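Going by the numbering used here, the sequence shown opens with residue 1069, and the numbers climb by one from there. Glycine included, every Cβ here is placed at the ideal spot set by N, Cα and C. Keep in mind the model is a prediction, meaning the values are calculated, not measured. Structure record follows, encoded as structure tokens.
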Amino acid sequence: MERFGLPFAETQAGKGAIVSEHSLNLGGLGVTGGLAANRLAPQADLIIGVGTRPDRLYHRFQIAVFT
């Protein structure tokens, strides 16, 4: 992320994986997330999930939830 200047967001389960004060950290994503990450997520061309679990939460993903 640093090498390419890619911003990132985190979920509740992923908090602490990267220092929260990191300059590229947009904050939390999702229902418990913050405004910056939730506004930028729907505009992303690509979202890479690291350490995610493909369960029912992702199967019913709707952009409207984040706007």
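query: By how many angstroms is the C-alpha of LEU1092 removed from the C-alpha of LEU1074?
result: Counted from its first residue, the sequence shown places residue 1074 at position 6. Counted from its first residue, the sequence shown places residue 1092 at position 24. Taking the Cα positions, LEU1074 is about 7 Å away from LEU1092.
message: Quick check on the burial criterion: 16 or more other C-beta atoms within 10 angstroms. Buried or exposed for ARG1124?
response: Translated into positions along the sequence shown, residue 1124 becomes position 56. Residue placement at ARG1124 is flagged as unreliable, the pLDDT there being 48, under the threshold of 50; the coordinate-derived value follows with that caveat. ARG1124 is exposed by the Cβ-count criterion.
- request: Determine, using beta carbons only, whether GLY1096 and ALA1105 come nearer to each other than 8 Å.
  value: Along the sequence shown, one-based indexing puts residue 1096 at 28. Along the sequence shown, one-based indexing puts residue 1105 at 37. In this structure, the beta-carbon distance from GLY1096 to ALA1105 falls below 8 Å.
field: Neighbourhood of LEU1114 by C-beta, 6 Å cutoff - its chain only, sequence neighbours within 5 removed
entry: In the sequence shown, residue 1114 corresponds to position 46, counting from 1. The beta carbon of LEU1114 sits closer than 6 Å to no other beta carbon from its chain once the five residues preceding and following it are set aside.
- request: For the beta strand (DSSP E) holding LEU1108, just list the boundary residues, first then last.
  value: Your numbering for residue 1108 matches position 40 in the sequence shown. In the DSSP assignment, LEU1108 falls outside any beta strand (DSSP E) and within the unbroken alpha helix (DSSP H) covering 1103 to 1108.
Burial state of ALA1085 (16 or more Cβ within 10 Å): Stepping through the sequence shown from its first residue, residue 1085 is reached at position 17. Exposed: under 16 other Cβ atoms inside 10 Å.
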